[in-house]
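Q: Those protein sequences? They're chains A and B, same order as listed.
Residues 90 to 581 (my numbering) are what the first sequence spells out, left to right.
Residues -13 to 353 (my numbering) are what the second sequence spells out, left to right.
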Amino acid sequence: MHTLGLPPELADLQRRVVGVASGYGLDFFETVFEMVTTEQINTIAAYDGFPVRYRHWRFGMAYDRIEKSSSWGLSKIYELVINNDPCYAYLLKGNLFVDQKLVMAHVYGHCDFFKNNAWFAPTNRHMVDELASHAVRMESHARNHGQDKVEEFLDSCLSLENLIDIYAPYTPPKRRSDDEEETGREVVRFKAKPYMESFINPPEVMAEEQKEIEAERDARQPFPERPERDVMKFLMETAPLRPWQKDCLAMVREEAYYFAPQRLTKIMNEGWASYWHSKMMTEHLCDTSDILDFAERHAGAMAMSGEQINPYKLGIELYRNIEERWDKGRFGKEYDDCRDYDAKQRWDTGLGEGRKKIFDVRHTYNDVTFVDTFLTPSFCDEQKLFTYAFNPQTGRKEVTGRDFGEVKARLLQQLANGGQPIIEVTNGNFGNRGELVLTHRHDELDLDANMAAQTMQHLHRVWTRPVHIETILEGKPTRLSFDGEKHTSEAI
Amino acid sequence: MANRIDLDHARFRNIVRGSIRKDLRKHIANGQMIARQGGDTVKIPVPQIDLPRFRFGSNEGGGVGQGDGEPGDAVPGDEQPGQGEAGSDAGQHELEVEVSLEELAQILGEELELPNIEPKGRRQITTEVNRYTGLRRVGPSSLRHVKRTFKRAMKREIATGRFGPSGGVVIPIPDDMRYRAWDPKTIPESNACIIYMMDVSGSMGDEQKEIVRIEAFWIDTWLKSQYRHLETRYIVHDAEAKEVDAHTFFHLRESGGTRISSAYSLCNAIIDAEYPPEEWNIYPFHFSDGDNWSGGDTARCLDLLRSQVLPKSNVFCYGQVRSTYGSGQFKTDLDHAFSDDEGVITSDIPDKEGIMDSIRDFLGTGK
């Protein structure tokens, strides 16, 4: 075990926590803790947890925000851990000892999740090195082409970074349509004696007809053949980019894919870590004198905050609910069909599969399937979930109801596609003018039109020809366009 | 590592500064910034700094929350009407950045190309100030440097083996005590005093006062960046002049005639009583709509300025705010009388948009 750089009492603690965690069956990468000051942790947090990133002002912006809210005491970063083998996690110097226990316990929950959840399986486990090498590559591009130029292009790449197909790493590559049968018109050739051939089927006419048919087929052949959700990949392959630009785009895309599973499993991941820190602390690690401090920290992290679902809270409660249901056999047809309220309240088949079940769940599910499968009406009630909407008359957000179906539908909508709109490339040669058309698969929520317009400027910088996005705004199908100078919008 | 983030951070601040500078005219015309002032900083909304993304619009669909409440109740925690976002992780659209007044003055200076002010050259006054820069081994308890003392004590205890990972306590002995020590430093002193005078007669409406208020804020900001010590005094006048505090100055509304000379003589009296011109850089600013009671009073004003106020001041500034009722005659009179005197600057402020040019008129001479 790696305890280098930790003061002896924390190294001891780490050994203890590892023992306790393994005792519960948690299975994690080796984890390296590092002691850092507040200033250092703020820096690292601005870099999304990594010590070395390429140079870009947005990290400076993140730092500005984090640093201010930390120095005003509005927020404090307790825990930071990155998905890597070995996992790296940071301990804040000067924290109470009980805080360090809590952080370590929580971190091992995350590490187990990183290692075992299927959605993290395709992620690069040497991302620390990879990101450092990205930094070096960016640096060399900056040296060759100028920092401003590279940074400006990075702005454009970053503003497109959510246009990836986050489910792509989990689906087998699509089959090429080459093997599909070509059907279509063929050149008609009349029957003729050999000496009449050139008169009945004159070669120049035949050739012309052949050309016509091919042109027709080309016109029918869409480009790309299928709508492409990985817009960044499409741009990399087809946009007129210089090699360094392609490289920048590739790096941004790779990083986006690395971070995507964390968005897909926020509730599950935080819930899992919270479930385990709570178990480990209360059953093993807390001394009597720690209990109050621990309870306060834990309550703070689990606080409900009105208009936002707290992923820690929802996650931990769902795991506990699942554990209870599988311990008592409260699932399946018999239980669901039971109409006797009292019997249901007392239902306990003594199944005792709860712990095993939650380990299975953490292995295969992501937030969408997690909520879809395990959110039950009674859970919804207990947790006081509600739907809300903006009321333009009162100018505030108001509770609209507590109907289970609606709560669940809303929640799933928020989680679908990691909370990002689904946008695909549908035409890379619009109007045969080499213009790019993206299509937003509209599902109740409109795009922010103002933001979209700004993003299209960045898209245009990469594509260099006019760009369009088809979406629905206020119920009307609309095509927003940007040709490099002005924005237009037309109904379609 | 700290180095890297500092580079990124500096770059971000530069972008913010660039954005503020670009929209400076808008920011100046929009008085909001002053209301957002807190201590030494102001909050400025800077649109379009954060990178845009294709994302869902705000406030449309609502979402799912957790907590108490009946249908129709406000969502817990959403007290301010009309703010907030839908969805689970939407952030603020408009970024608000905090800028120190000093930085703001710098931006103003760059954009308006204001020269740095050269303090009046006739004297060099120096003052001695004490700066706590060092440590010494004796001193009063009130100056004890606790951290250093504790560090020394800890080192000693560790070295003697009485304190370590296994336990022990750190008890400082007299030898460990460290006290802050000061060094006297001599620095050139340059103090400045702004005396704002405003016409509050019936013809000065709310909009005119708002313009004065905004302009005063920026003049303050600039001069503060130029002088270590800046004092501000306020005089209002209609037919009579009196000294008031800042709040009254900007909010008072009187009605009555206008005798500008009353203000000038009060200004002169304040200077004589409290700000000897050898030690102070004095900036009288007068804002009015340009109506004066009579030609006779205007003559008195000119006389007061020429014989009393001007010789004592760095520069005398007169800003004429355009109003529906004012004749604007006073500026013409001033310009006529002091056409060859660099110590008098007059400026016409037609509306809020004109504030920036007027600031340039006043401060562009570097006096």
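Each residue gets a CB set at the ideal place from its N, CA and C atoms; glycine is no exception.
For B/Arg41 and A/Lys497, I'd like the C-alpha separation in whole angstroms.
A: Answer to the nearest angstrom: the Cα atoms are 22 Å apart.
Q: Which of the residues in the segment 178 to 201 of chain B, read from start to end, lie with their CB under 8 Å from any CB of chain A?
A: Under the 8 Å Cβ criterion, the segment 178 to 201 of chain B contributes no residue.
Q: Which residues, in chain order, does the segment -4 to 8 of chain B contribute to contact with chain A at a C-beta distance below 9 Å?
A: Taking 9 Å as the Cβ-Cβ cut-off against chain A, the residues of the segment -4 to 8 of chain B that qualify are Ala(-4), Arg(-3), Phe(-2), Arg(-1), Asn0, Ile1, Val2.
Q: Within 10 Å of its beta-carbon, does A/Cys427 have 16 or more other beta-carbons around it, so buried, or fewer, so exposed?
A: Exposed is the call here.
Q: Can you tell me the Cα-Cα spacing of B/Asp343 and B/Gln306, whole angstroms?
A: Distance between the alpha carbons of B/Asp343 and B/Gln306: 13 Å.
Q: Taking just the CA atoms, how far does B/Pro262 sit from B/Arg108?
A: Confidence is the limiting factor: at B/Arg108 the pLDDT is only 48, short of 50, which leaves the residue's position unreliable and the question unanswerable from this model.
Q: By Cβ distance below 7 Å, which residues in the same chain neighbour A/Ile447 in space, the five residues on each side in sequence not counted?
A: Cβ neighbours of A/Ile447 beyond the five flanking positions: Tyr408, Ile411, Glu412.
Q: When the distance is taken between beta carbons, is B/Ser333 closer than 8 Å to B/Phe316?
A: For B/Phe316 and B/Ser333, no; Cβs fall outside 8 Å.
Q: Could you check where the beta strand (DSSP E) with A/Leu569 kicks off and where it finishes?
A: Its beta strand (DSSP E) spans residues 565 to 571.
Q: Do B/Tyr269 and B/Ser299 count as a contact pair if the criterion is CB distance below 8 Å?
A: Contact flag set, yes.
Q: With 8 Å set as the bound, which would you pick, yes or no: does the beta-carbon of A/Arg444 sit closer than that to a beta-carbon of chain B?
A: Not closer than 8 Å to any Cβ of chain B, the Cβ of A/Arg444 fails to qualify, so no.
Q: Step through the CB atoms of chain A and report whether any lies within less than 8 Å of the CB of B/Ile93.
A: Output row for B/Ile93: interface = no.
Q: Any beta-carbon of chain B closer than 8 Å to the one on A/Gly391?
A: A small fix is needed here, since residue 391 of chain A is Met in this sequence, not Gly. It does not; no Cβ of chain B falls within 8 Å.
Q: Should A/Tyr256 be listed as close to the ligand ATP, given that the test is whether its C-beta is under 7 Å from any heavy atom?
A: Judged by which ligands are present, the structure shown has none, so any question about the ligand ATP falls away.
Q: Is there a Cβ from chain A that is less than 8 Å from the Cβ of B/Phe42?
A: Yes, its Cβ sits closer than 8 Å to a Cβ of chain A.
Q: Just to confirm the assignment, what range does the beta strand (DSSP E) spanning A/His547 have?
A: Careful: A/His547 lies outside any beta strand (DSSP E), inside the alpha helix (DSSP H) at 538 to 552.
Q: Rounded to a whole number of angstroms, what is the C-alpha to C-alpha distance between B/Ala202 and B/Thr318?
A: C-alpha separation (whole angstroms): 23 Å.
Q: Got a sec, what are the start and stop residues for the beta strand (DSSP E) B/Thr172 sits in?
A: 165 to 174 is the span of the beta strand (DSSP E), which, as asked, contains B/Thr172.
Q: Does any C-beta atom of chain A lie closer than 8 Å to the C-beta of B/Ile221?
A: It does not: the Cβ of B/Ile221 has no partner Cβ on chain A nearer than 8 Å.
Q: Nearest-angstrom Cα distance between B/Lys137 and A/Ala194?
A: Distance between the alpha carbons of B/Lys137 and A/Ala194: 32 Å.
Q: What residue range does the alpha helix (DSSP H) around A/Ser367 cover?
A: First-last of the alpha helix (DSSP H) with A/Ser367: 355 to 369.
Q: Taking A/Trp552 as the query, report the chain B residues whose CB atoms sit under 8 Å from its CB, ordered along the chain.
A: Correct list: empty, because the minimum Cβ distance to chain B is about 14 Å.
Q: By how many angstroms is the C-alpha of B/Val32 removed from the C-alpha of B/Leu2?
A: In the sequence on display, residue 2 of chain B carries Val and not Leu. In a straight line, the C-alpha of B/Val2 is about 7 Å away from that of B/Val32.
Q: Ignoring anything shorter than 3 residues or poking outside the segment 431 to 504 of chain A, list the beta strand (DSSP E) runs there in chain order.
A: Here the runs fully enclosed are 474 to 480, 485 to 490.
Q: Which ranges would you report for the alpha helix (DSSP H) in the segment 207 to 291 of chain A if only whole runs of at least 4 residues count?
A: Segments of the alpha helix (DSSP H) lying fully in the segment 207 to 291 of chain A: 216 to 234, 236 to 248, 286 to 289.
Q: According to DSSP, which residues form a beta bridge with A/Val526?
A: Looking at the DSSP assignment, A/Val526 forms a beta bridge with A/Asn516, A/His557.
Q: Give the straight-line distance between the Cα atoms of A/Ser160 and A/Ile130, rounded to the nearest whole angstrom.
A: A/Ser160 and A/Ile130: Cα-Cα distance of roughly 12 Å.
Q: Counting only Cβ pairs nearer than 9 Å, list the residues of chain B close to A/Gly108.
A: Simply none; closest approach about 20 Å.
Q: Output, in sequence order along the chain, the residues in the segment 467 to 486 of chain A whose CB is closer than 9 Å to any CB in chain C.
A: The displayed structure is made up of protein chains A and B, and chain C is not among them.
Q: At least one CB of chain A closer than 8 Å to the CB of B/Ile30: is that the case?
A: False, the Cβ-Cβ gap to chain A never drops below 8 Å.
Q: Check for me: the beta strand (DSSP E) holding A/Val170 runs from which residue to which?
A: That run of the beta strand (DSSP E) goes 169 to 171.
Q: Taking 8 Å as the threshold (C-beta atoms), are A/Val141 and A/Ala257 in contact?
A: No, Cβ-Cβ distance for A/Ala257 and A/Val141 is not below 8 Å.
Q: Any C-beta of chain B within less than 9 Å: which residues of the segment 295 to 321 of chain A qualify?
A: Flagged: no residues at all.
Q: Are three or more beta carbon pairs between the segment 143 to 151 of chain A and the segment 166 to 177 of chain A nearer than 8 Å?
A: Touching, no.
Q: Is there a Cβ of chain B sitting closer than 8 Å to that of A/Ala388, yes or no?
A: A/Ala388 does not count as touching chain B.
Q: State the Cα-Cα distance for the pair A/Leu536 and A/Pro481, rounded to the nearest angstrom.
A: Roughly 19 Å between the two C-alpha positions.
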